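Chemist:
Residue numbers (my numbering): 379 to 958.
1) Per the contact definition of three or more C-beta pairs closer than 8 Å, is the region 463 to 474 in contact with the region 401 to 413?
2) Across which residues does DSSP place residue 719 in a beta bridge pair?
3) Where does the unbroken alpha helix (DSSP H) through residue 944 begin, and where does it stop?
4) What's the call for residue 636, buried or exposed, on a 16-neighbour Cβ count within 10 Å?
5) Going by the CB atoms, is the gap between residue 660 and residue 652 shorter than 9 Å?
6) Alpha carbon to alpha carbon, what distance is there between residue 648 and residue 631?
7) Is there at least one non-hydrogen atom of the ligand SAM closer than 8 Å to the beta-carbon of residue 501?
8) Roughly how many whole angstroms lie between the Cα atoms of residue 934 and residue 786?
9) What does a CB cutoff of less than 8 Å around residue 694 pick up in its chain, not counting 5 residues either side in sequence?
10) Have a look at the DSSP bridge pairing and note the partners of residue 688.
11) What do you reckon, are the CB atoms on residue 409 and residue 422 nearer than 9 Å?
12) Only counting runs of 4 or more residues, tell me where the alpha helix (DSSP H) segments fall wholly within the region 739 to 780, in order along the chain.
13) Kindly indicate which three-state DSSP category residue 935 falls into: helix, strand or coil?
14) How should residue 772 be labelled, buried or exposed, when 16 other C-beta atoms within 10 angstroms of its C-beta is the threshold for buried?
15) Going by alpha carbons, who is nearest to residue 850 out of 844, 841, 861, 842?
16) Tell me the rounded alpha-carbon separation between residue 544 and residue 437.
17) Are the beta-carbon atoms belonging to residue 476 and residue 523 less than 9 Å from one another?
18) In whole angstroms, what is the alpha-carbon distance linking residue 828 and residue 896?
19) For residue 844, which residues in the same chain have their Cβ closer than 7 Å to its Cβ, ignoring the five residues on either side in sequence?
20) Below 8 Å, how does it come out for the region 744 to 752 and the region 762 to 779: are there three or more Cβ pairs, yes or no?
21) Is residue 722 near residue 675, with beta carbons less than 9 Å apart?
22) Going by Cα to Cα distance, which pick from 909, 892, 835, 852 is closest to residue 876?
23) May I ask you to report which of helix, strand or coil DSSP gives residue 835?
24) Return the bridge partner residues of residue 636 from the DSSP annotation.
25) Would you check if the region 712 to 721 and the region 746 to 756 touch, i.e. whether three or more CB-CB distances between them fall below 8 Å?
26) Put residue 807 into one of helix, strand or coil per three-state DSSP.
27) Is the beta carbon of residue 474 closer than 9 Å to that of residue 407?
28) Considering only the beta carbon of each residue, do residue 963 and residue 679 sit closer than 9 Å?
29) Using DSSP with H/G/I as helix, E/B as strand and the rest coil, what is residue 840?
30) Identify the continuous beta strand (DSSP E) that holds residue 667 and give its terminal residues.
31) What would DSSP say about residue 425, mapped onto helix, strand or coil?
32) Leaving out the 5 sequence neighbours to the left and right, which residues in its chain are closer than 6 Å to residue 560 when beta-carbon positions are compared?
33) Less than 6 Å between C-beta atoms, sequence neighbours within five positions excluded: which residues of the same chain meet that for residue 539?
34) Can residue 514 and residue 501 be called in contact, C-beta distance under 9 Å?
35) Apart from the five residues just before and just after residue 944, which ones in its own chain have a Cβ nearer than 8 Å to its Cβ?
36) Near residue 884, what residues of its chain come up, given a Cβ to Cβ distance below 8 Å and the 5 sequence neighbours on each side ignored?
Below is the structure:
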């Protein structure tokens, strides 16, 4: 824990929110740490050609080496601060400056002993490409060539100063400038090659990124069109056919597209949409595959993971279809709703490298997930629409049944009331003249009463001295009569009055029906009592003749009959058979 905190304090990367920038900062921290460590070892411990260390020469007053040493540690400090301040660009240039003062500075100031010292310049070009890309390569190449030229200019002065002191000075002075020219060419060529390498790598990344963006845009366009189809409430078959045709048209490397849906049993993946004339043939033969079978679609439907299979390889699970002989690679993507696999999107191509890009596979899987969601939405809508139609059909059947019941009730009510009124000895009705205080139990059918009875609606008529209103009386929708009112012609008949009459007529009909039911109940009770009385008299008789006499007398009383005949036995037949 303590070491972790110490490392986080020294190499502060928590402030970097971008993962790429954070990794770049870590690399720069490591380069700074390694350069400081090795340069410090070189300064304080490693002897130079004359047997002394660099710090010894600095302490003896060598101003050039002191300047290089101070500049290295100063640039190191500034680079470290830039990293902690999240200034990656400045830190990268600081790393290149550290390398220059650690290796190239002394070589430039004190001349080149031999061409092998130019390796430090090559390393600076490589480091420039690493930390700053193409800009770093150009800058370090120019700096290396300039350093080499300046070093060659200064080397003769350095040689003259070194002759009295060093044995190596003689060999150093004999080095011709022509021996440095191959190194300059090597520096220039190395810079160009590294630049071209970085440039081509950048171009490849840009092309790959552009292709990935293009693929994502085409996938997004297909998804937008799918959403539009779903919004248009297109049927499932129309939606799936449109999807496969659009995928086939959008991606030029696609040879054939089809969609399989798993049936309700979960055992078979049935082809429901396929492109072109071949697709129509497959649909006509009801093409289907077993879930879990040795095929790309069967395995994807079983496992739920996308599979890319190449044709012609020994261990491939791709099954050659005679209708699709040009297929070189087949990619299948599961159609998932949560954890449930509802089908498979199968895409085939003539190009063997069609699905080698992982980003393309991810884009197609995202499209498959969206297709699955669209299928689920359309299926739910179709099921809801089917339930709605079924409910509407049931409601209509119920309404028809209710209308039939109402019609039968109306007919039955009319028949019952007809029999009831015929059973009454006199006509039922009344007329009350409130002005003259007269009441007539029987009234004739006026014109308005007849019209209200016939049309089953309120009738309003204006007369010279009054306005007449007739309202039908209904029982369960059946008109059983009407009532009429004479009102002052100067008193307008308002809608509230109309509602009042309608409600009173309905209530009156209910009350009359209740009264009829009471009368009917009483009549049935009287008949039942009479039947029981006759039955009791018959059961009390002790002989057949007595029973016949009692039965005749009881029926005479009940029916007011003037004559009653009761005969036992059967009438004689024409050939003389039967009993008398």
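No residue lacks a Cβ here, since even glycine has one placed at the ideal position from N, Cα and C. Keep in mind the model is a prediction, meaning the values are calculated, not measured.
Modeler: Quick answer:
1) yes
2) 714
3) Note, residue 944: premise wrong, no alpha helix (DSSP H); not H, not E.
4) buried
5) yes
6) 25 Å
7) The ligand SAM is absent from the structure shown, which contains no ligands of any kind.
8) 38 Å
9) 687, 688
10) 707
11) no
12) none
13) helix
14) exposed
15) 861
16) For residue 544, the pLDDT reaches just 46, beneath the cut-off of 50, and the residue's location in the model is therefore unreliable, leaving the point undetermined.
17) no
18) 28 Å
19) 864, 865, 866, 867
20) no
21) yes
22) 835
23) coil
24) 652, 724
25) yes
26) coil
27) no
28) A question about residue 963 goes unanswered here, because the residues of the chain that appear run from 379 up to 958.
29) strand
30) 666 to 668
31) coil
32) Low per-residue confidence applies at residue 560: pLDDT is 46, beneath 50, and the placement is therefore not dependable, though the value from the model is reported in the following sentence. Around residue 560: no qualifying Cβ.
33) Caution is warranted here: a pLDDT of 48 is assigned to residue 539, below 50, making its placement in the model unreliable, and the coordinate value is therefore given only provisionally. Nothing meets the Cβ criterion.
34) no
35) 926, 929, 930
36) 852
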